[in-house]
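To start, the structure under review is shown below, and the notes come after it.
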Amino acid sequence: MTEQPTIAYLIDPRFPGGTSSAIAAELDAVAPFARIAVHAYTSRMFKGDAVARSLAAALDRNRLHIIWDARQIAADTVIVHNPSFLKFESEPHLRILTRHLVVVCHENFARPGGAESFDVAGCLERLAAGSLALRRTLAPISRWNRETVLGWLSDRRERDVWSVLPDDWHNIFAASYTAPTATPGDRRGRHSRPGFEKFPPLDVMDICFPEAAETNVILGGDNWLNGNVHRPHWTLLPFQGIEIEDYFEMIDFMVYFTAPT
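Under this note's numbering, the residue at position 28 of the sequence shown is numbered 59, and the numbers go up by one with no gaps.
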């Protein structure tokens, strides 16, 4: 019988929203075929020690536990999900030993308009410097995400360190579907964790969520709530303030700002 490969995940398990949900679904899919270790890095990107709910549930289902801030990570394959959690780290103290280091690029490397989304070079440099690996690979999650990764790499020295996975590392999403309303109106929404890279400036928000709309629901509007932004025609809700199902009942379509259009 062939011994199962070892896979180590290096993550910040406090990521809310899509990143942790994707990791959770991936653990469910991979656990039967590999020996898995889940390593948590306590980055300065988040406060507290609460593990994202979807990820905590997946760890329980698969009888996995988190190893917090280990001095060394060693496995056949080490998978880092969403390297942006390293963007505030000056000395991350990483020591990774692996045949293949895979970095799954949940965040686009460039925002619409071309500006860099986060300190991409710094995050990748910290991972490269802290790893002894035969291969280092970036794994885009979509076609547009791939374009931003390839565009960023095109004229940088990092292209000699990192290859790009030829196939997309699609997020796994499994949930029940609800049929859309038969008579949609102009009920607009936006749902995201409240990161600066997820929302445009206020003048663009005003264009996308105008007084003329029947409804404007912003789930994840913590920055506007904390900044005392006053828009009577907006319904501002904190991230995870209501259940996703209830949010979708309130809107007819959602504006997604990280698309190139």
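By construction, the Cβ of each residue, glycine as well, lies at the ideal position given by its N, Cα and C atoms. Quick caveat, the model's predicted, so the values are computed rather than measured.
Item checked: For Pro171, the residue or residues it bridges with in DSSP -> Working through the sequence shown from its first residue, we reach residue 171 at position 140. In the DSSP output, where bridge partners are listed per residue, Pro171 has Cys136.
Check: Within the chosen definition, does the segment 150-167 reach the segment 195-207 through at least 3 CB pairs nearer than 8 Å?
Finding: At 8 Å Cβ cutoff, the stretches do not touch.
Checklist line | Beta-bridge pairing of Arg219 - partner residues as DSSP gives them | finding: Position 188 of the sequence shown, counted from the start, is the residue given in the question as residue 219. Answer by DSSP bridge pairing, in chain order: Asn247, Phe284.
Next item on the list: Reducing DSSP to helix, strand and coil, say where Ile67 ends up.
Entry: Position 36 of the sequence shown holds residue 67. Strand at Ile67.
Note to self: Helix, strand or coil for Thr129? Go by DSSP, reduced to three states.
What the structure shows: Translated into positions along the sequence shown, residue 129 becomes position 98. Assigned with DSSP and collapsed to three states, Thr129 falls in strand.
Next item on the list: Please name the residue, chosen from Glu280, Thr209, Thr168, Gly258, that lies closest to Arg221 on a Cα-to-Cα basis.
Entry: By one-based count along the sequence shown, residue 221 stands at place 190. The candidate whose alpha carbon is nearest that of Arg221 is Glu280.
Note to self: Short of 6 Å in beta carbon distance, which residues of its chain neighbour Phe288, apart from the five on each side in sequence? Order them along the chain.
What the structure shows: For the purposes of this step, residue 288 is taken as the residue at position 257 of the sequence shown. Pro231.
Notebook entry, point to check: Hey, quick one: how far does the alpha helix (DSSP H) through Ile98 stretch, first residue to last?
Noted result: As a working note, residue 98 is residue 67 in the sequence shown. Note, Ile98: premise wrong, no alpha helix (DSSP H); beta strand (DSSP E) at 97-99.
Next item on the list: Could you spell out where the alpha helix (DSSP H) holding Ile104 opens and where it closes?
Entry: By one-based count along the sequence shown, residue 104 stands at place 73. Counting along the chain, Ile104 falls outside any alpha helix (DSSP H), though it belongs to the beta strand (DSSP E) covering 104-112.
Notebook entry, point to check: Do the segment 129-139 and the segment 173-190 make contact, defined as three or more Cβ pairs closer than 8 Å?
Noted result: Between the segment 129-139 and the segment 173-190, the count of Cβ pairs shorter than 8 Å is three or higher; the stretches touch.
Note to self: For Leu128 and Ala105, which I take to be in contact (beta-carbon distance under 8 Å), what is that distance rounded to the nearest angstrom?
What the structure shows: Counting from 1 along the sequence shown, the entry for residue 128 is found at position 97. Counting from 1 along the sequence shown, the entry for residue 105 is found at position 74. Between Ala105 and Leu128 the Cβ distance is about 4 Å, and since that is below 8 Å, they are a contact.
Notebook entry, point to check: Helix, strand or coil for Glu147 per DSSP?
Noted result: Along the sequence shown, one-based indexing puts residue 147 at 116. If DSSP states are grouped into helix, strand and coil, Glu147 belongs with the strands.
Next item on the list: Note down, in chain order, each residue of its chain lying with its Cβ closer than 8 Å to the Cβ of Ile38, except the 5 sequence neighbours on either side.
Entry: On the sequence shown, position 7 is the one that residue 38 refers to. Hits under 8 Å: Val61, Ala65, Arg66, Ile67, Ala68, Ala106, Asp107, Thr108, Val109, Ile110.
Check: Are Leu233 and Gly252 touching if we call contact CB-CB under 8 Å?
Finding: Start at 1 with the first residue of the sequence shown, and residue 233 comes out as number 202. Start at 1 with the first residue of the sequence shown, and residue 252 comes out as number 221. No, these two residues do not count as a Cβ contact at 8 Å.
Checklist line | Arg167 at chain B interface by Cβ criterion, 8 Å | finding: Although the question refers to chain B, the structure presented lacks it and comprises just one protein chain.
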